[in-house]
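Numbering (my numbering), first residue to last: 1218 to 1535.
Encoded as structure tokens, the structure appears first; notes follow it.
Shown next, in the form of structure tokens:
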């Protein structure tokens, strides 16, 4: 496997005006000692603050910094997809813009990639968020790892290293529903994870809340997995068995006791089966909604501006 000689650091930016200068300074201290060549790619994901102006200033001062300004806010994973496709180096490091992923931990990811892995996750040795956020985040990540079908890793993170050629597996992917980790699993099974230190957030607030995490979990299930459909099938099979046993029970009661429970018994059975049918229809509806989104052929992202200026290499770029 080819040794890693150059790195692109891809950073989705949202409300990162105050953290970007500090993060870039830390990266400039670490990266020259790790590889011969590197670039820092800052993807402004429709930030409502002055993040794009900060990115322009940083790029003007340092030729290793590139900036891409999205037309609007598409989401963290969509911005990552844009950055991964625009990367020019041998390997890619993805990290958040909030200073929680210390650049000094990047050599650990590179060293693990050099062992022959294609994707390496830097998982925090201690969860820095609130209790509910830690629990919901862990559940979402474990769900994604299960959907990906990768037995070698059960901990995922936004702090990851990957070989750039993995992007060939999803070169033609063009859908607004993007989960980067699921796309990475299309190109390799050589995943690994290592413990890294994660700093507590000291500037700004997290852009993720319970509803966003729940929405992401639902996208993982219905956008990249058939688990809910199979669950609906098994639920229907189970309730069919329940119906058979209820019929046998009623038959036995009728011939032994001479009477059967009346309206409460009947209404409870109707409620169970009606609820199960509506639940299954809801699952089918979600999949139909995903098909509808795909049929509209909406792009995963659209680039508004890039610095330094270059010719668009992706059909989604404007």
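All C-beta atoms, glycine included, are put in the ideal place defined by N, C-alpha and C.
Just so you know, these numbers come straight off a predicted model, no measurement behind them.
Roughly how many angstroms lie between the CA atoms of residue 1455 and residue 1508, to the nearest whole one? 28 Å
Classify residue 1473 as buried or exposed, calling it buried when 16 or more other Cβ atoms lie within 10 Å of its own Cβ. exposed
Is the Cβ of residue 1238 closer than 8 Å to any Cβ of chain D? The structure shown contains no chain D, having only a single protein chain.
With a cut-off of 8 Å, do at least 3 Cβ pairs link the stretch 1317-1334 to the stretch 1395-1404? no
Contact set for residue 1322: own chain, Cβ-Cβ below 8 Å, skip 5 residues either direction: 1339, 1376, 1413, 1414
Confirm the yes/no value for this check: CB of residue 1402, any heavy atom of the ligand GDP, distance under 7 Å. Absent from the structure shown: the ligand GDP. Ligands present: none.
Same chain, Cβ closer than 8 Å to residue 1536, five either side skipped, listed in chain order: With the chain covering 1218 to 1535 only, the question about residue 1536 has no answer from this structure.
Under the DSSP definition of a beta bridge, which residues are partnered with residue 1522? 1286
On the DSSP bridge assignment, give the partners of residue 1254 in chain order. 1223
Indicate the three-state DSSP secondary structure (helix, strand or coil) for residue 1337 in the structure shown. strand
Under a three-way DSSP split, which group does residue 1242 fall into? helix
Residues that residue 1562 bridges to, as DSSP identifies them: No answer is possible for residue 1562: it lies beyond the span of the chain, which begins at 1218 and ends at 1535.
Is it true that the CB of residue 1224 sits closer than 8 Å to the CB of residue 1308? yes
According to DSSP, simplified to helix, strand and coil, what is residue 1410? strand
First through last residue of the alpha helix (DSSP H) which encompasses residue 1330: 1323-1330
Quick check: the stretch 1510-1525 against the stretch 1284-1298, are at least 3 beta-carbon pairs closer than 8 Å? yes
Who are the near neighbours of residue 1268 in its chain, counting only those whose CB is closer than 6 Å to its CB and skipping five residues on each side? 1230, 1233, 1234, 1261
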